[in-house]
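36 is the number of the first residue of the sequence shown in this note's numbering; add one for each residue after it.
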Amino acid sequence: MAKSKNHTTHNQSRKWHRNGIKKPRTHRYESLKGVDPKFLRNMRFAKKHNKKGLKKMQANNAKQAALVWLCCLAGQQEGLCISILSLQMYELKQLLPPQNFNWRYRL
Numbered sequence: 036m037a038k039s040k041n042h043t044t045h046n047q048s049r050k051w052h053r054n055g056i057k058k059p060r061t062h063r064y065e066s067l068k069g070v071d072p073k074f075l076r077n078m079r080f081a082k083k084h085n086k087k088g089l090k091k092m093q094a095n096n097a098k099q100a101a102l103v104w105l106c107c108l109a110g111q112q113e114g115l116c117i118s119i120l121s122l123q124m125y126e127l128k129q130l131l132p133p134q135n136f137n138w139r140y141r142l
């Protein structure tokens, strides 16, 4: 007698749900396997030179933090020191009284 049925999904759903149906894991970075080597080399240099702006920004933030610290040392009121954090550097220099400014911490 010839078989008439080649496939069935009987009991498959129970087996799938036994360990739970999970979403496929997503990877943070796609694999670069098989990517053009010229492109990979260029990407490496692009990553290296992309940090220049970051370093400049960090230097500016350090200068601004130092000015806030100097302003607090100069005897300004506490409320003013807190509100100073949002001001630009040139505004901070205008707020500082020249006689109390410590020139050892020149920026």
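A virtual CB, placed ideally from N, CA and C, is assigned to each residue, including glycine.
Backbone secondary structure at residue i - three-state DSSP
| i | result |
| --- | --- |
| H58 | Here residue 58 turns out to be Lys, not His, going by the sequence shown. K58: coil per DSSP, three-state reduction. |
| A109 | coil |
| N95 | helix |
| A100 | helix |
| H42 | coil |
| K86 | coil |
| R76 | helix |
| R49 | helix |
| A37 | coil |
Status (buried if at least 16 other CB within 10 Å, exposed otherwise) for residue i
| i | result |
| --- | --- |
| L105 | buried |
| L89 | exposed |
| L67 | exposed |
| L102 | buried |
| Q47 | exposed |
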